[in-house]
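Down below is the structure, laid out as structure tokens.
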Amino acid sequence: MRRKVPNPRSRSREAYLVPRLLLLCMAICGAVGLTACSVEPPVQTQTPPPKPRSEVKVPAPEALASKSDEQLYTYDVSGRRDPFKPLIEATKPTAVLSEENLNCPPTQDFELASLKLVAIVWGDLGRKAMLKAPNGRGYAVTEEMLVGRNCGRVRRIESNAIVIEQARQDSDGNVLKEEVVLRLREREG
């Protein structure tokens, strides 16, 4: 008598089929259990009826008029300082040359300390310097151009630096002229 040998492939299918069916049954039971939960209907609260508006009473014109027997108060400001003025007033430096401020180049939007000298080029047409502003842009300047917020004028362009002469006011209002030197950064390493 011959005995029937089961196919090994069919056995592996049956081995995987039972756990899958079991998981499917558990998922269906869980879904049915969750949907069977009851939710209570929301409780309705009664809102109170709106209150009737009351009439606003307008005062009589006689009550609004000032009485003549009352004495009006006046404040004597003689010899006293204004309490709303600050004790220390900050003054901004004003430009000495107002005619040149009408056509300001973009290099006058920045302080001299924030400008960085990047390059100097010279040739038959003269010398030019390249300044890098804090906004990342580069500006080419020549001698006698205005630079900086205090209307500094480029006086000289040397081989490794530029000399800028600017006028500023001190706290007493005196106009002071100073020279600012921007140097090329030496190579590192």
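So for the sequence shown, this note's numbering puts the first residue at 1338; every next one is plus one.
Every residue, glycine too, gets a C-beta built ideally from N, C-alpha and C.
Query, Result
"Using the three-state DSSP reduction, which class does residue 1412 fall into: helix, strand or coil?", "coil"
"Can you look up residue 1399 in the DSSP assignment and give me helix, strand or coil?", "helix"
"Is the beta carbon of residue 1514 closer than 8 angstroms to that of residue 1495?", "no"
"Provide the residue span of the beta strand (DSSP E) that contains residue 1490, from first to last.", "1489-1494"
"Do the stretch 1504-1521 and the stretch 1443-1459 make contact, defined as three or more Cβ pairs closer than 8 angstroms?", "yes"
"Where does the unbroken beta strand (DSSP E) through residue 1513 begin, and where does it stop?", "1512-1520"
"Counting only the same chain and skipping the five closest in sequence on each side, list residues whose C-beta sits under 7 angstroms from that of residue 1507.", "1513"
"May I have the straight-line CA-CA distance separating residue 1392 from residue 1412, to the nearest angstrom?", "40 angstroms"
"Between the beta-carbon of residue 1482 and the beta-carbon of residue 1443, is there less than 8 angstroms?", "no"
"Residue 1419 to residue 1425, Cα distance in whole Å?", "13 angstroms"
"Around the Cβ of residue 1488, are there at least 16 other Cβ atoms within 10 angstroms (buried) or fewer (exposed)?", "buried"
"Does the Cβ-Cβ distance between residue 1462 and residue 1484 come in under 8 angstroms?", "no"
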